[in-house]
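Peer 1: The structure follows.
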Amino acid sequence: MRRAIFAFACLLPAVSACASKRAPDDPRMITTAEANRSGLGGAMQAPLRDMNVVRTKIPQILLDAMIDPYARPPSSDCLTLAGIVGPLNETLGPDLDIVPPKEDEDLIDRGKGFVGDQALGAVAGAASDLIPMRGWVRRLTGAEKHDSLVQAAAAAGGVRRAYLKGLGEARGCDPPSTPDHTRTWLPKEEDKPRFPIRIPGMGGRDSTPE
Numbered sequence: 236m237r238r239a240i241f242a243f244a245c246l247l248p249a250v251s252a253c254a255s256k257r258a259p260d261d262p263r264m265i266t267t268a269e270a271n272r273s274g275l276g277g278a279m280q281a282p283l284r285d286m287n288v289v290r291t292k293i294p295q296i297l298l299d300a301m302i303d304p305y306a307r308p309p310s311s312d313c314l315t316l317a318g319i320v321g322p323l324n325e326t327l328g329p330d331l332d333i334v335p336p337k338e339d340e341d342l343i344d345r346g347k348g349f350v351g352d353q354a355l356g357a358v359a360g361a362a363s364d365l366i367p368m369r370g371w372v373r374r375l376t377g378a379e380k381h382d383s384l385v386q387a388a389a390a391a392g393g394v395r396r397a398y399l400k401g402l403g404e405a406r407g408c409d410p411p412s413t414p415d416h417t418r419t420w421l422p423k424e425e426d427k428p429r430f431p432i433r434i435p436g437m438g439g440r441d442s443t444p445e
């Protein structure tokens, strides 16, 4: 255990230096799990997150959403809704109606990304293993509680965004004040179900996708 503490003490200055190089212009809030997979620097910062030295800052817009995600906006016109939904998109990332950039990647590219995530997760795990009694450390330092707060803030922000888009949908607004119903991609033939799909309410008849 003493060797582990000594090794971590030697690595602490280098890891702290990595922590100071975070891009200041990125408004998106990331969870601990995402930070651990954000790159080698993020993986090496895992012990600092466990000790609550490096922590995710929760934007004020999400703190407000936690108070009341269904609070009525000052005005329900499309321009006002867009002005509120825009910062939520920047903080939370793309909504479910927006196709992520990785959607168009082929299986080989996805495999490379998966392997990379697994490797960074292993680095983060190895770095965190240098902390004796890591679970207790996370509780005592408040890191575990803060992670729960970050997840709750993200959930409240997602509910807030959906509520505002619902208001925009009712008023016939355009994106981002309303969900984007334009489908820019179609499922590949190999991704379609191979067997008939039973549709409820169709008298037990099977239907296959067109």
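Every position in the sequence shown, counted from 1, becomes a number in the working numbering once 235 is added.
Don't be surprised by glycine CBs; every beta carbon is placed ideally from N, CA and C.
For clarity, every value in this text was computed on a predicted model and none was experimentally measured.
#1: Do you know whose CA, among P262, R263 and I302, lies nearest V394's CA?
#2: How many whole angstroms separate the CB atoms of P329 and Y398, which I take to be in contact at a CB cut-off of 8 Å?
#3: Checking 9 Å against the spacing of the C-beta atoms, do A300 and L323 come in under that value?
#4: Answer with buried or exposed for R237, where buried requires no fewer than 16 other C-beta atoms within 10 angstroms of its C-beta.
#5: Skipping 5 residues on each side, what residues in its chain have a beta carbon closer than 7 Å to that of P411?
#6: Rounded to whole angstroms, what is the Cα-Cα separation between T413 and R374?
#7: Skipping 5 residues on each side, what residues in its chain have a beta carbon closer than 7 Å to that of T326?
#8: Under 9 Å, do D415 and I333 count as touching if we go by C-beta distance?
#9: Under the three-state reduction of DSSP, which class applies to I265: helix, strand or coil?
#10: Can you tell me whether L314 is buried or exposed, with buried defined as 16 or more other CB within 10 angstroms of its CB?
#11: Which two residues bound the contiguous alpha helix (DSSP H) that contains R396?
#12: Leaving out the 5 sequence neighbours to the left and right, which residues in its chain are closer than 8 Å to P308 when beta-carbon positions are compared?
#13: CB-CB under 8 Å to S404, same chain, minus the five flanking residues each way: which ones, in chain order?
#14: Within 10 angstroms of its Cβ, does A306 collect 16 or more other Cβ (buried), or is it exposed?
#15: Assuming the contact rule is C-beta atoms closer than 8 Å, S311 and R406 should be a hit. Round their C-beta distance to whole Å, please.
Peer 2: Looking at the coordinates:
#1: Translated into positions along the sequence shown, residue 394 becomes position 159. Out of P262, R263 and I302, I302 has the C-alpha closest to the C-alpha of V394.
#2: By 1-based counting over the sequence shown, the position of residue 329 is 94. By 1-based counting over the sequence shown, the position of residue 398 is 163. 18 Å between Cβ atoms; not a contact.
#3: Taking the sequence shown and counting its residues from 1, one reaches residue 300 at position 65. Taking the sequence shown and counting its residues from 1, one reaches residue 323 at position 88. Yes, the pair counts as a contact, with Cβ atoms nearer than the cut-off.
#4: Here residue 237 corresponds to residue number 2 of the sequence shown, with the count starting at 1. With a pLDDT of 47 at R237, under the threshold of 50, the predicted position of this residue should be treated as unreliable, though the coordinate-derived value follows. With fewer than 16 other Cβ atoms within 10 Å, it is exposed.
#5: Indexing the sequence shown from 1 puts residue 411 at position 176. The beta carbon of P411 is closer than 7 Å to those of A317, V320, G321 and N324 in its chain, skipping five residues each way along the sequence.
#6: Here residue 413 refers to the residue found at position 178 when the sequence shown is read from its first residue. Here residue 374 refers to the residue found at position 139 when the sequence shown is read from its first residue. A direct Cα-to-Cα measurement between T413 and R374 gives close to 40 Å.
#7: Taking the first residue of the sequence shown as position 1, residue 326 is located at position 91. If we look at T326 and ignore the five residues flanking it on each side, its Cβ neighbours are P262, R263, M264, P294, I296, L297 and G392.
#8: Residue mapping note: residue 415 aligns to position 180 of the sequence shown, counting from 1. Residue mapping note: residue 333 aligns to position 98 of the sequence shown, counting from 1. Yes; because the gap between Cβ atoms is below 9 Å, this pair is in contact.
#9: The residue given as residue 265 occupies position 30 in the sequence shown. Here I265 sits in coil by DSSP.
#10: Position 79 of the sequence shown holds residue 314. Counting Cβ neighbours within 10 Å, L314 comes out exposed, since fewer than 16 surround it.
#11: Locating residue 396 in the sequence shown gives position 161, counting from the first residue. Here the alpha helix (DSSP H) through R396 covers A378 to A405.
#12: Here residue 308 refers to the residue found at position 73 of the sequence shown. Correct list, in chain order: T315, L316, I319, L399 and L402.
#13: Working through the sequence shown from its first residue, we reach residue 404 at position 169. The sequence as given places Glu at residue 404; Ser does not occur at that position. For E404, where only same-chain residues beyond five positions count, the Cβ hits under 8 Å are T413 and P414.
#14: Here the question's residue 306 lines up with position 71 in the sequence shown. By the neighbour-count criterion, in which a residue is buried when 16 or more other Cβ atoms sit within 10 angstroms of its Cβ, A306 is exposed.
#15: Position 76 of the sequence shown holds residue 311. Position 171 of the sequence shown holds residue 406. Right, the Cβ-Cβ distance comes to about 6 Å (below 8 Å), so this counts as a contact.
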